Structures are given as structure tokens and as C-alpha cells.
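Asks: Have a look at this one.
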Amino acid sequence: MTVGIAPAEDREVTPVRRLRRAAGGGLPSARTFAWVLFCALLLSLGHVCGAAAQSSASSLLAGKGIDHSDPNKKMLVTADELVYDYEKNTISAVGSVQLYYDGSSLEAKRVTYDRAKNLVIAEGNVRLKEKNGQVVNADRLQLTENFKEGFIDSLRVDSPDKTHFAATRADRLEGNITVFQNGVYTACEPCKDKPEKPVLWQVKAQRIIHNQDEQMIYYKDATLEFFGLPIAYFPYFSSPDPTVKRKTGFLTPVFANSSELGFGVGIPFFWNIAPDRDLTLTPVYYSQQGLLMQGEWRQRLMNGSYNIRAAGIMQQDKDAFAGLPGYRDSRGVVQSAGEFVINDFWKWGWDGTLASDRTFINDYKLAGYTDPMGLVTATPTEAISQVYLTGQGDRSFFDLRGLYFLGLSVTDNQDQIPVVGTFNYNYVFGNPIWGGEAGVKVNFNSISRNEADFIGMSSATSYANGGVGIPAGSCALTNPNPTQCLLRGAPGDYQRLSAELYWKRSITDQAGQIWTPFASARVDLAHSNISALPSNYTSGITLPGQNPLQSGEESIIRAMPVIGLDYRYPFISVENWGVQTIEPRAQIVIRPNETAIGKLPNEDAQSLVFDDSNLFEVDKYSGWDRVEGGGRLNVGITYTAAINKAGLVTALVGQSYHLFGKNSYANGDMANTGLESGLETDVSDYVARFSYSPTQNLEFISRFRFDQANFSMQRFEVEGRTSFDRVSFSAVYGQYAPQPLLGYYYEREGVYTTASYKLTDEWSVGGGVRYNIAQAAFDLVSVGLNYADDCFTMALSYISNYTVNGPNGSPSNTVMLTIGLRTLGQTKVSAGVGSN
4 MTVGIAPAED
14 REVTPVRRLR
24 RAAGGGLPSA
34 RTFAWVLFCA
44 LLLSLGHVCG
54 AAAQSSASSL
64 LAGKGIDHSD
74 PNKKMLVTAD
84 ELVYDYEKNT
94 ISAVGSVQLY
104 YDGSSLEAKR
114 VTYDRAKNLV
124 IAEGNVRLKE
134 KNGQVVNADR
144 LQLTENFKEG
154 FIDSLRVDSP
164 DKTHFAATRA
174 DRLEGNITVF
184 QNGVYTACEP
194 CKDKPEKPVL
204 WQVKAQRIIH
214 NQDEQMIYYK
224 DATLEFFGLP
234 IAYFPYFSSP
244 DPTVKRKTGF
254 LTPVFANSSE
264 LGFGVGIPFF
274 WNIAPDRDLT
284 LTPVYYSQQG
294 LLMQGEWRQR
304 LMNGSYNIRA
314 AGIMQQDKDA
324 FAGLPGYRDS
334 RGVVQSAGEF
344 VINDFWKWGW
354 DGTLASDRTF
364 INDYKLAGYT
374 DPMGLVTATP
384 TEAISQVYLT
394 GQGDRSFFDL
404 RGLYFLGLSV
414 TDNQDQIPVV
424 GTFNYNYVFG
434 NPIWGGEAGV
444 KVNFNSISRN
454 EADFIGMSSA
464 TSYANGGVGI
474 PAGSCALTNP
484 NPTQCLLRGA
494 PGDYQRLSAE
504 LYWKRSITDQ
514 AGQIWTPFAS
524 ARVDLAHSNI
534 SALPSNYTSG
544 ITLPGQNPLQ
554 SGEESIIRAM
564 PVIGLDYRYP
574 FISVENWGVQ
584 TIEPRAQIVI
594 RPNETAIGKL
604 PNEDAQSLVF
614 DDSNLFEVDK
624 YSGWDRVEGG
634 GRLNVGITYT
644 AAINKAGLVT
654 ALVGQSYHLF
664 GKNSYANGDM
674 ANTGLESGLE
684 TDVSDYVARF
694 SYSPTQNLEF
704 ISRFRFDQAN
714 FSMQRFEVEG
724 RTSFDRVSFS
734 AVYGQYAPQP
744 LLGYYYEREG
754 VYTTASYKLT
764 DEWSVGGGVR
774 YNIAQAAFDL
784 VSVGLNYADD
794 CFTMALSYIS
804 NYTVNGPNGS
814 PSNTVMLTIG
824 LRTLGQTKVS
834 AGVGSN
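First residue of the sequence shown? That's 4 in my numbering, and the numbers climb one at a time after it.
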């Protein structure tokens, strides 16, 4: 019912005047009364909408943010009667009082404005519903008109973000301090069927004091309860109120444990120096090794941000790392990362790590120092330091960076790890050339390494007899020949600049045949200065196809023009059972021989795997240091069937033929790349892929490589993935024939599986196992138990890694527990167990 307005000077003066509701009628009143009531109650209460419950309730009493400038906004006030008591100088709305304003509403049994005392009082089932959905309930509310003092009895606040706060009484003091008696806070929803049942967790405190000037909340005699049972007691603690994003103070404690370090506990301290910079200090005391100091400085500037992190310790028991890189008194690490925007297209940055020894980061579980973004999910094996400049245009990409790799494994030799400078540039021309797409690619690499990186390889005799030679990775010979050890990294300096101009056009004729002519021209400028290599390696016996790298200085110009044609002819058949497509494909590539094979290091093109994914690649090498030469024909056929209500089937089989000139893959380099790849003969091995997906939630994929002479299996992979209702499962099986010339002289066979099962809507279990079938041993085992609901998360995991400490090292076993309380934060506890 709309409130009527009558000027005060025209009203009849009587001790008490009652205006009752008429059937279907409204209540006359004074606009001043309505405005004061609503400002004092609804608007002051309405300020609670944006913060968590404790801060909301104190703002309820504070009246902060109220706009008194427009008392003429429309509002609706209804009640059974309005009572004017001129002796007491009060105005009251009595009986089913409802006030509506700007999408919000206030309900109470009685609302009184005491003009003499400047008090506003709401009584009886006071309920405020803000337009954002937040609901505040109380038995009684009393405020001074200036909102400096007041109290609320039996307060309860329910926020749209599903946080809840209650207190027996809240008192407003001195205009900026609110004291809550017997406060209870939770972010958990009560059980719908049994609302009296204790929520999963809640925080209770005898007194909660909110100081708005300080923007701090102080808790006295607080307990943390789970399912109504107290599990932790805090006689006193404080925290910033939810309106504060950054506040100086202590953070959540951290805990750790391992056999080398002992039990560790640390309390981070956060210093909010300024809005654009802060410092976090984390002292962690380990019972066996002493005090580990950590610090992180962060600063944001106008066009970017950077951080500096450091950690160090004087070890009390270095004998715990006897025989390992950690056997030293002082250990530490310094890391910095930053990125700055130059304009809409360009940015630059850096990421650097400097450590006292290669295992410090892993020994003290400081994975964040190798991955500032927090993406590390397993034990890191290297820390990458780099400085970079990148640019991105509509049709271009620019990337210039220098990299330094710090090995973090026990078996790493830093002198064998390179320092790398690299540059990549791609540009696609905007206008078509001869009806097709044209572009340019540029790559530059500069690599420096102090010591040759050899791995073991089968000897000539054992290789000829199908046996094995030196174990992989050892190569302890001081003067090996090319049949004994494989050079994976060249000592010395190496620079190469490559540029390629390419063109291609796709044409579909009236018969549906797809013709794609292509052409390219590439030029490489390279210079190497290789340090002295063992004499047996440079001049010793070799196996067919080997081209050992030679010591000394070498400068080479290499060119590779290419022309070719790609042809496809898809046949589509629509049947009652579905749609099938058969697509034969052929690709012919014409080019001269590759030159200078073996005269230059091969650093970026060693990972050659011939399978269905690169069957129709013009150049199948993975990098720029090698370039495919000679004429080649790639052929294959693809079959696809979309079966009604039975899923999708795809299959591919193909082969590659060396037509003329020198077969690049039959001529190895320092790493024997190309040999035993399946491409080293004029007729390649067969490659195939088969996949079947009966539903969107189930898929099987298998890949094969068969020997072209006897069809023996050279490479076999099969993968299955499924996700149904509460179950998800994936498994990968791989079997790979020996490749002695590449250092793989045993058959490799293994399986990796992951699975998870959702026990309930909240509970789930999962795990993963990697099993080396060839060696009958586990490589990795992980098991996890997870719980997640609307207010609480928990993750308990166990990880056993058998490879991180080297082939002869003990496994690394870690147990990690993460607990999170919504709106309050999370904490982690990790511990090494067993062999670690």
C-alpha cells in the first residue's frame, strides 16, 4: 500500500494518533518517516551485500555507503497501522510491516523511529532481503540515526555466495567497531532434510571484533568444528576483513617431512608494502637440517610485473646427503621472473634460476622455483632460465630468446647441458600469389656446450649378432668409437641461420579430385667450432650409414629447393547403415640431395618418429638441423565410416618410397638420426592407424609400424579412453623393437594406466600406474583420494617415482594432503616416506 503524505503543520495534535489499514486501502504517513526508516534499516543493512558474513554484519550497523541525497525516490510502506505518539515523540509502523525500495525489502512486526533520542528500532522477526539475494534476519535491531552506535539481537546473515553468519548479539561502538557475541561462521549449506544437523565445518568464537578503520577482524576463544566436533582451538587470531585483498600479516602455515630433512613447519609472513609491491617471508624449521629461509618480492609496474624469490639454509646434518650433490654446508637458490608489455603486439620478459647445487630444489620441495606459474605436477628435472622478446601480428609471429638449462637430477652433468639462443619468425603474405598461400619461415639457433654428451650404443659385433653392447647412458669409455657410443650433444659452439620461402595452392576439379601443388626454397648458413672429440670416435670404425661429427671449425652454405604435388580423391558412399568415405592419397616430392650430412651438429632434429602423423610431411625431420633430400613418393589410403548408432571408425595405412638421389634417412649424423627409423630403405616400413569410437565417451586408438620386408612389428601403440557416469579410465600400451644404433638395444614395452571412480557426488578415488614390462618393474605409482563439496575440499595423494633419482637411485615416495575451506583458504602438508 502506498504511503500518503500530509504536511506536519496541518495534522491534528493529539497524544496518540493511530492510522489503521482500511480494506483495500493504504496508510497515510509522512515521507520523512518512511525515508528515515528505510535509510536506517534497509540501506544500512543493505550494505552487507558484497562482503563475507562477519564484515557484512558490522556494515549492517555502520550504515556506510548510504546515499541520503535523494529522499524523493519512490518506495512502498505497508503496515496494519501507523502510530504517532506525540508525548514520546515516536512514530511507529505496527503489524506486518513491509518496506520496499529499489528492489529490496524489509519486514518486521514493528518499526519505530524515536525522534527525541534519534533511535531507529525494528522488532519481531526482522528480515531484510537485498536485491542481490542476500537475507539478513534478526529479533531486534536498534540504531542511532547517525549509525555510530546500536545493537542487533539474534543476528543471522545468509549471503548469495552461500556463506552464513550468526551471533546472539552485535553491538556497534564508537562508529567504527562492531562486537559480535557468540559468533558462528560457515560457508556450508545446512542439510535440506535435517537442517538441525551440524554443517561440515564452522568457526565459533565467543567474541568477534570488527574494526572498520583498521579493516581487521579479531577472534577471541575461537574453535574450528567439523560435524559439530571441535578439532582446533585458537585463543586469539586475526585476519583482514573480506573487503581487503592485500593485508600485512601471517598466512596459512606449511608443513613437510622427509627422512633427510626431518619434520618441518613454517609460518609465512606477508608484508603489504604498497598497492603495487609486497614481500613474503617464509621461515621453515626442519628438525634435522635447521632453518630454511625463503622470501619472495613482487612488484607490478604500469606495463608488467616481476618477482624475485630466494631460499637458503645452513644444513645441520649434511651427512644425510652423503654421496649426493646436497652434501655441503650451505645451500640455496635465487629465482626471478618478469614480463612486460611493450604495445599491443610486443612483449618481453625473463625467467631465471640460480642454485647452489642441482638437487637443492627437489630435496627441499621448492618446485615453484622452476615453475613460477605453479604448473609443476611432478618432480621437475630441469630449471629453464630465459630472456625473451615476442611479437604477434595478424599474419606473423616473432620469437627471440636465450635459454640456460639447469639440470636438477642426480645424474645430470651441467657441462653436457647446452646454452641456447634461438630465433623464430613466421609470416604469411596477405594477398594470394598465383591463387595460393605464400609465406616465409626463419629460424636461428646458437648452441654452446662445454663437454660432449655421449650415450652407450651396441658394438659392431653384438649389433651384427642381434645382441647388446654398452648399457644406455653409461658410455664410460674415454676413447669410444662410433660403434660403441652415440654423440647426443656436440662440444663447442654451433650457429645456424635458416630461411624458407614456401607456396601452396589447393584446387578441386569437377570430379571431386583435390590437387595441391606446392613449392619451397630453403637456405641454411651454418658455422661450427667443435672441441676435440675422442680420436677413436672421429676416425674409428663405423657402421653402414654412420657419419661421425669431426672436430674443428666448419662453415657451410646449404640450399634445398622443393617442388611437389599432393593428390587426394575422396569417395563417399551413403548406405542404410551409415556413411563411409574412402580417400586414396599420393604425394610426390622432387628435390636435390641433402648436402653436408654429418659435417654439422644435429641438435634439434633428433626426435624422428615415423608414423601416420608425419607420413605426408614434406620434411619428416623434427627440426632445422637436418633437411630431407632426394625424390620421394608418399602414398596412403584413409577409410572412415560413420555407422548409425554404432559410432565412428577410421583407418589409415601408408608407405613412403625413396625415388631417386641420396636417401637422407639412410645417412645418419652424430646422433644417427634416420637410421632404424623405418625410412632408411628405398621402400619404407608400413605405418597404420586404426581408431574406433562407439560413443562420445569411449575411444580406442592404435598405431602400428611393420617392417617392410617381413612384416615384423617395429612399433605398436594402443590407447583406450572411456568416461561413463562415475567412472573414467585410460590406458596406453606401447611396444618398440630394439634400435641399437639409437641407443635403444633392448625391446621396450610398457603400460600406463589412469583411473578414477566417483564414489558419491563428493568422494572420488583415482590413481595411475606406469609399468615397464620389459624390465618387470614399476616406473611410477600414484594413488589419490579426493573430496569436494560446496564448502570443503580435501585431496590425499601418494606418489612413488622410480626414475627421478637415476636408474640406480632409490625411488622418491611422497604423501601430500591438501585441505581447503571455502572463503578461508587452504593448506598443504607433504612428507617423504619409505626410501625417501
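Idealized CB from N, CA, C, for every residue including glycine. Quick caveat: nothing in here was measured; it's all calculated off a predicted structure.
(1) Straight-line CA distance for L678 to Y748?
(2) For Y367, name the three-state secondary structure that DSSP assigns.
(3) Which residues mark the beginning and the end of the beta strand (DSSP E) in which P541 is found?
(4) If we ignore side chains and look at the alpha-carbon of each, how far apart do N484 and L745 end up?
(5) For K321, which three-state DSSP category applies?
(6) Specify whether the segment 683 to 693 and the segment 649 to 668 touch according to this definition: at least 3 beta carbon pairs, one from each stretch, less than 8 Å apart.
(7) Since I94 is in the beta strand (DSSP E), which residue starts that stretch and which ends it?
(8) State the CB to CB distance for the pair T830 and P256, rounded to an integer number of angstroms; the pair is presumed to be in contact (CB under 8 Å).
(9) Classify Y89 as buried or exposed, calling it buried when 16 or more other Cβ atoms lie within 10 Å of its own Cβ.
(10) Assuming contact is defined by CB atoms lying nearer than 8 Å, are I458 and P494 in contact in what I supplied?
(11) Pull up the distance between the alpha-carbon of I640 and that of D527, whole angstroms please.
(12) Looking only at its own chain, which residues have a Cβ that is under 6 Å from the Cβ of F693, when we skip the five neighbours before and after it?
(13) Leaving out the 5 sequence neighbours to the left and right, which residues in its chain are closer than 7 Å to E385 when beta-carbon positions are compared?
(14) Hey, how far is the Cα of V784 from the Cα of N617?
(15) State the beta-bridge partners of N637 as determined by DSSP.
(16) I'd like the list of long-range same chain contacts for L264, defined as Cβ closer than 6 Å, with 5 residues on each side in sequence excluded.
(17) Mind checking who Y430 pairs with in its DSSP beta bridge?
(18) From A644 to V735, what does the alpha carbon distance come to, in whole angstroms?
(19) Within 8 Å, do at least three Cβ pairs link the segment 550 to 558 to the segment 626 to 636?
(20) Quick check: the Cα distance between H71 and L144, rounded to an integer number of angstroms?
(21) My output table needs one value for Y668: the three-state DSSP class, helix, strand or coil.
(22) Roughly how many angstroms lie between the CA atoms of R361 and D415, to the nearest whole one?
(23) Kindly examine the ligand MN and report whether one of its heavy atoms sits closer than 7 Å to the Cβ of G433.
(24) Verify whether the separation of the beta carbon atoms of L327 and V423 is less than 8 Å.
(25) Closest by CA to R249, which one among K648, E217 and G269?
(26) In whole angstroms, give me the CA-to-CA distance for V187 and Q205.
(27) With a floor of 3 residues, list each beta strand (DSSP E) that falls wholly inside the segment 115 to 160, ordered by position along the chain.
(28) Apart from the five residues just before and just after K229, which ones in its own chain have a Cβ nearer than 7 Å to its Cβ?
(29) For the segment 722 to 733 against the segment 754 to 769, are there 3 or more C-beta pairs whose distance is under 8 Å?
(30) Looking only at C-alpha atoms, which of Y805, W300, E192 and L282 sits nearest to S339?
(31) Suppose contacts are defined by Cβ-Cβ distances below 8 Å. Is L146 in contact with L122 by that definition?
(32) How big is the Cα-Cα spacing for V344 and P198?
(33) R708: buried (16+ other C-beta within 10 angstroms of its C-beta) or exposed?
(34) Once DSSP output is grouped into helix, strand and coil, what is the label at L820?
(35) Evaluate S107 with the Cβ neighbour count: other Cβ atoms within 10 Å of its Cβ, from every protein chain shown; 16 or more gives buried, anything less gives exposed.
(36) Grab me the residues of Q297's own chain with a C-beta within less than 6 Å of its C-beta, minus the 5 sequence neighbours each way, in chain order.
Replies: Looking at the coordinates:
(1) Counting from one through the sequence shown, the residue named residue 678 turns up at place 675. Counting from one through the sequence shown, the residue named residue 748 turns up at place 745. L678 and Y748: Cα-Cα distance of roughly 13 Å.
(2) The residue you call residue 367 lines up with position 364 of the sequence shown. In this structure, Y367 counts as coil in the three-state DSSP scheme.
(3) The count along the sequence shown starts at 1 and reaches residue 541 at position 538. Checking the sequence, you will find Thr at residue 541 rather than Pro. Element bounds for T541: not the beta strand (DSSP E) but the alpha helix (DSSP H), S538 to S542.
(4) Locating residue 484 in the sequence shown gives position 481, counting from the first residue. Locating residue 745 in the sequence shown gives position 742, counting from the first residue. Approximately 14 Å between the Cα atoms of the pair.
(5) Indexing the sequence shown from 1 puts residue 321 at position 318. If DSSP states are grouped into helix, strand and coil, K321 belongs with the helices.
(6) yes
(7) Within the sequence shown, numbered from 1, the residue matching residue 94 stands at position 91. T93 to Y104 is the span of the beta strand (DSSP E), which, as asked, contains I94.
(8) Looking up residue 830 in the sequence shown gives position 827. Looking up residue 256 in the sequence shown gives position 253. With 8 Å as the limit, T830 and P256 qualify as a contact, their Cβ atoms being about 7 Å apart.
(9) Numbered from 1 along the sequence shown, position 86 holds the residue referred to as residue 89. The residue is exposed, with fewer than 16 neighbouring Cβ atoms inside 10 Å.
(10) Locating residue 458 in the sequence shown gives position 455, where the first residue counts as 1. Locating residue 494 in the sequence shown gives position 491, where the first residue counts as 1. Cβ distance not < 8 Å, so I458 and P494 don't count as in contact.
(11) In the sequence shown, counting from the first residue as 1, residue 640 sits at position 637. In the sequence shown, counting from the first residue as 1, residue 527 sits at position 524. Roughly 35 Å separates the two Cα atoms.
(12) In the sequence shown, residue 693 corresponds to position 690, counting from 1. Cβ within range, chain order: A654 and S705.
(13) Residue mapping note: residue 385 aligns to position 382 of the sequence shown, counting from 1. The answer, listed in chain order, is F408, L409, G410 and L411.
(14) Against the sequence shown, residue 784 aligns to sequence position 781. Against the sequence shown, residue 617 aligns to sequence position 614. The straight-line gap from Cα to Cα measures roughly 33 Å.
(15) As a first step, residue 637 must be located in the sequence shown, where it is residue number 634. Q590 and S659, per the DSSP bridge assignment.
(16) Taking the first residue of the sequence shown as position 1, residue 264 is located at position 261. Correct list, in chain order: Y289, Q291 and Q292.
(17) Residue mapping note: residue 430 aligns to position 427 of the sequence shown, counting from 1. Bridge partners of Y430: S399 and V443.
(18) Stepping through the sequence shown from its first residue, residue 644 is reached at position 641. Stepping through the sequence shown from its first residue, residue 735 is reached at position 732. Each residue's alpha carbon lies about 24 Å from the other.
(19) no
(20) Mapped onto the sequence shown, residue 71 falls at position 68. Mapped onto the sequence shown, residue 144 falls at position 141. For H71, the pLDDT reaches just 42, beneath the cut-off of 50, and the residue's location in the model is therefore unreliable, leaving the point undetermined.
(21) Stepping through the sequence shown from its first residue, residue 668 is reached at position 665. In the structure shown, Y668 sits in a helix (DSSP, three-state: H, G or I).
(22) Here residue 361 is taken as the residue at index 358 of the sequence shown, counted from 1. Here residue 415 is taken as the residue at index 412 of the sequence shown, counted from 1. If you take the alpha carbons of R361 and D415, they lie about 8 Å apart.
(23) This structure does not include the ligand MN; it has no bound ligands of any sort.
(24) Residue 327 sits at position 324 when you count from the first residue of the sequence shown. Residue 423 sits at position 420 when you count from the first residue of the sequence shown. For L327 and V423, no; Cβs fall outside 8 Å.
(25) For the purposes of this step, residue 249 is taken as the residue at position 246 of the sequence shown. Of K648, E217 and G269, the residue nearest in Cα terms is E217.
(26) Your numbering for residue 187 matches position 184 in the sequence shown. Your numbering for residue 205 matches position 202 in the sequence shown. Looking at the two C-alpha atoms, the distance is approximately 7 Å.
(27) 122 to 132 and 138 to 147
(28) Locating residue 229 in the sequence shown gives position 226, counting from the first residue. Looking at the sequence provided, one finds Phe at residue 229 rather than Lys. These residues qualify, in order along the chain: L203 and W204.
(29) yes
(30) Sequence index remark: in the sequence shown, residue 339 carries index 336 (1-based). Looking at the Cα atoms, W300 is the closest of the given residues.
(31) Against the sequence shown, residue 146 aligns to sequence position 143. Against the sequence shown, residue 122 aligns to sequence position 119. It is a contact, given that the beta carbons lie within the stated cut-off.
(32) For the purposes of this step, residue 344 is identified with residue 341 of the sequence shown, where counting begins at 1. For the purposes of this step, residue 198 is identified with residue 195 of the sequence shown, where counting begins at 1. Cα to Cα, V344 sits roughly 53 Å from P198.
(33) Here residue 708 corresponds to residue number 705 of the sequence shown, with the count starting at 1. Buried, because 16 or more other Cβ atoms sit within 10 Å of the Cβ of R708.
(34) For the purposes of this step, residue 820 is taken as the residue at position 817 of the sequence shown. In this structure, L820 counts as strand in the three-state DSSP scheme.
(35) Residue numbering aside, residue 107 sits at position 104 when the sequence shown is read from its first letter. Burial call: buried.
(36) By one-based count along the sequence shown, residue 297 stands at place 294. Taken in chain order, the residues that qualify are T285 and A314.
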